[in-house]
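Undergrad:
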Amino acid sequence: MRCSVIKAAGGRLPRKKIAALAEIIEKEEQPPEGLVSIIFVSDREIRKLNRKFRQIDKATDVLS
Numbered sequence: 000m001r002c003s004v005i006k007a008a009g010g011r012l013p014r015k016k017i018a019a020l021a022e023i024i025e026k027e028e029q030p031p032e033g034l035v036s037i038i039f040v041s042d043r044e045i046r047k048l049n050r051k052f053r054q055i056d057k058a059t060d061v062l063s
């Protein structure tokens, strides 16, 4: 499993913790080959994405 992390919002990312979490998930869940993308965005951007894909006009913590 490949994992890409993209930072599209301000602030610092705990890259080591994110990498460790991805390793744990891969070990425990044994997902099939593929790609997981994690994108960190602002509240404004997540609100736009929610409107576009879920027809919900508000910011949320996660969009999957």
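Residues in the sequence shown are numbered consecutively from 0, following numbering that gives the first Met the number 0. For glycine and all other residues, C-beta sits at the position ideal for the given N, C-alpha and C.
Could you say which of Glu22, Ile55 and Arg14 lies nearest to Met0 if we only look at CA atoms?
TA: Ranking Glu22, Ile55 and Arg14 by Cα distance to Met0 puts Glu22 first.
Undergrad: Please list the terminal residues of the continuous alpha helix (DSSP H) segment that includes Ile24.
TA: From DSSP, the alpha helix (DSSP H) with Ile24 extends over Arg14 to Glu28.
Undergrad: Starting from Lys6 and walking both ways along the beta strand (DSSP E), at which residues does that stretch end?
TA: Arg1 to Lys6 is the extent of the beta strand (DSSP E) around Lys6.
Undergrad: Output the boundary residues of the beta strand (DSSP E) element that contains Leu34.
TA: Leu34 to Phe39 is the extent of the beta strand (DSSP E) around Leu34.
Undergrad: Which word fits Ile45, buried or exposed, when buried means at least 16 other C-beta atoms lie within 10 angstroms of its C-beta?
TA: The residue in question, Ile45, is buried, as its Cβ has 16 or more Cβ neighbours within 10 Å.
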